[in-house]
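Everything on this sheet refers to the single structure shown next.
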Amino acid sequence: MILIKNFIDTLDDVKQLVTDIKNKNLKPIYFLMGEEAYYIDKISDFIESSVLSEEERGFNQMVLYGRDVTIDDIVGQAKRFPMMAEYQVVIVKEAQDLSRHIEKLAAYAKNPQPSTILVINYKYKKIDKRKGLYKALKPDCVVYESKKLYDNQVPDWIRRVLSPKNYTISPKAAQMLVEFLGTDLSKINNELEKLQIILPEGTQISPDHIEENIGISKDYNNFELRKAIGERNVLKAHKIVNYFGENPKDNPMVVTVSLLFSYFSQLLHFHGLKDKSPRSVASALKVNPYFVNDYITAARNFPMRKVSAVVSTLREFDVKGKGVGSNAVPQGDLLKELLVRILS
Numbered sequence: 001m002i003l004i005k006n007f008i009d010t011l012d013d014v015k016q017l018v019t020d021i022k023n024k025n026l027k028p029i030y031f032l033m034g035e036e037a038y039y040i041d042k043i044s045d046f047i048e049s050s051v052l053s054e055e056e057r058g059f060n061q062m063v064l065y066g067r068d069v070t071i072d073d074i075v076g077q078a079k080r081f082p083m084m085a086e087y088q089v090v091i092v093k094e095a096q097d098l099s100r101h102i103e104k105l106a107a108y109a110k111n112p113q114p115s116t117i118l119v120i121n122y123k124y125k126k127i128d129k130r131k132g133l134y135k136a137l138k139p140d141c142v143v144y145e146s147k148k149l150y151d152n153q154v155p156d157w158i159r160r161v162l163s164p165k166n167y168t169i170s171p172k173a174a175q176m177l178v179e180f181l182g183t184d185l186s187k188i189n190n191e192l193e194k195l196q197i198i199l200p201e202g203t204q205i206s207p208d209h210i211e212e213n214i215g216i217s218k219d220y221n222n223f224e225l226r227k228a229i230g231e232r233n234v235l236k237a238h239k240i241v242n243y244f245g246e247n248p249k250d251n252p253m254v255v256t257v258s259l260l261f262s263y264f265s266q267l268l269h270f271h272g273l274k275d276k277s278p279r280s281v282a283s284a285l286k287v288n289p290y291f292v293n294d295y296i297t298a299a300r301n302f303p304m305r306k307v308s309a310v311v312s313t314l315r316e317f318d319v320k321g322k323g324v325g326s327n328a329v330p331q332g333d334l335l336k337e338l339l340v341r342i343l344s
């Protein structure tokens with residue numbers, strides 16, 4: 001049976017791939033590629049630790065690095081036969097360093113050694129699906145494309161990662177992690193693992209836990225700034241912006257402006273919705289239903305015309321924040337000026 005897993009970008013699909021490996025439903029080549037390194041590492045590490053027994057690994061498992069080998073070296077290793085084992089495993093890490101010559105692997109992919117499991121970790125890039133390597137891999141190998149998650153997808157990913165380990169997380173706490181760490185799943189997972197060491201099973205991870213153990217302020221962050229602006233809570237918004245100005249390294253202006261731009265773009269979308277029921281709004285804006293009331297409140301305080309003006313202002317300050325026409329102005333002062341323009 002032909003099996004190829006293209007564009008695996010959900011937790012369920014990755015679990016299925018792991019289950020196949022556990023059940024010895026193995027393929028001769030696992031070509032792991034894409035912008036999100038987290039799952040590439042996880043799948044590769046799982047193959048490295050589980051396909052062969054500890055006794056078999058000494059003679060039958062080889063880890064190569066793209067910067068140190070050629071395609072011919074990889075193929076030569078892959079064509080060897082295992083010693084006293086059913087399989088040998090060849091793992092090529094940092095294979096993106098071979099990007100200029102990666103198409104040469106197509107000849108081997110057309111007729112791979114059935115007793116070899118070849119794992120190619122091709123991070124931050126992907127192969128051209130129109131070319132020979134992809135077509136050679138397609139019939140009976142696994143091609144895995146690990147795509148970056150969007151900001152709005154990461155909180156759900158956090159919840160699903162925590163659930164099997166008997167932890168939950170509040171919507172605000174999940175949002176704090178995303179806004180502080182971005183969409184880098186490896187960084188987020190590292191912080192979640194720290195919390196799981198500290199907190200007992202069954203805990204709901206709260207903003208207080210995030211603040212105490214990771215160092216992200218639960219009161220002075222971009223999430224709270226957006227909420228304060230949406231409520232037109234001038235005093236709170238200015239307190240947060242002042243805090244950002246005093247701690248610019250932890251609160252870079254470029255991140256704040258980007259998140260505010262996303263927020264007001266969502267408000268613009270909200271104003272254009274015909275169905276403004278909570279369920280419809282959550283679906284259309286791709287936000288957790290928990291936050292829908294915040295958007296409803298903000299839309300009352302910022303009519304469509306004002307939202308459009310704010311979006312234009314944010315574009316202007318995005319350029320200024322990157323040093324164009326404002327080299328001598330501290331970013332804290334730029335943020336204060338931006339806030340005045342938004343709330344005026």
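Counting with full-length UniProt numbering, you get residues 1 to 344 for the letters of the sequence shown.
Even glycine gets a Cβ: it sits at the ideal position worked out from N, Cα and C.
Keep in mind that this is a model prediction, so the values were computed, not measured.
For Ala78, the CB contacts under 6 Å within the same chain, skipping 5 residues up- and downstream, are Val90, Gln113, Thr116, Leu118 in chain order. In the DSSP assignment, Gly34 is bridged to Lys123. Classified as buried, Met176 has 16 or more neighbouring CB atoms from the shown chains inside 10 Å of its CB. Counting along the chain, the unbroken alpha helix (DSSP H) around Glu179 starts and ends at 171–181.
Within the UniProt domain "DNA polymerase III delta N-terminal" (30–144), the alpha helix (DSSP H) runs of at least 4 residues that lie entirely inside it are, in chain order, 37–50, 54–60, 71–78, 106–110, 132–137.
In this structure, Tyr39 and Val69 do not form a Cβ contact; the two beta carbons are roughly 24 Å apart against a cut-off of 8 Å. Listed in chain order, the non-local C-beta contacts of Phe46 below 8 Å within the same chain comprise Val18, Ile21, local neighbours out to five positions each way being set aside. Following the DSSP letters along the chain, one finds Leu268 inside the alpha helix (DSSP H) bounded by residues 253–271. Distance between Asn222 and Glu179, taken at the CA atoms: about 7 Å. A distance of 7 Å or more separates the beta carbons of Leu137 and Val234. According to the DSSP assignment, Arg226 belongs to the alpha helix (DSSP H) that extends over 222–230. In this structure, Asn301 places its C-beta atom within 7 Å of the C-beta atom of Arg232. One alpha carbon belongs to Glu35, the other to Asn121, and they sit about 11 Å apart. In this structure Leu334 touches Lys320 by the C-beta definition: roughly 6 Å separates them, less than 8 Å. The C-alpha of Arg279 is placed about 44 Å away from the C-alpha of Ser49. With fewer than 16 neighbouring CB atoms inside 10 Å of its own CB, Pro139 falls in the exposed class. Pairwise C-beta distances place the region 256–271 in contact with the region 290–299, as three or more of them are shorter than 8 Å. In the three-state scheme derived from DSSP, where H, G and I count as helix and E and B as strand, Ile296 is classed as helix. From the listed residues Lys125, Phe31, Leu195, the smallest Cα separation to Ile158 is found for Leu195. For the pair Pro200 and Val340, the Cα-to-Cα distance works out to about 44 Å. With fewer than 16 other Cβ atoms inside 10 Å of its own Cβ, Lys286 counts as exposed.
Residue state for Thr203 is assigned as coil, using DSSP reduced to three classes. The C-alpha of Asn111 lies about 25 Å from the C-alpha of Arg67. Using a C-beta cut-off of 8 Å, the region 201–212 makes no contact with the region 246–258, since fewer than three inter-stretch Cβ pairs fall below that distance. By the 16-neighbour rule on beta-carbons within 10 angstroms, Lys165 is exposed. Thr168 has Gln204 as its beta-bridge partners, per DSSP.
Annotation for Phe244: Asn251, Thr256, Gly332, Leu335 place their beta carbon closer than 7 Å to its own, counting only its chain and skipping 5 residues before and after.
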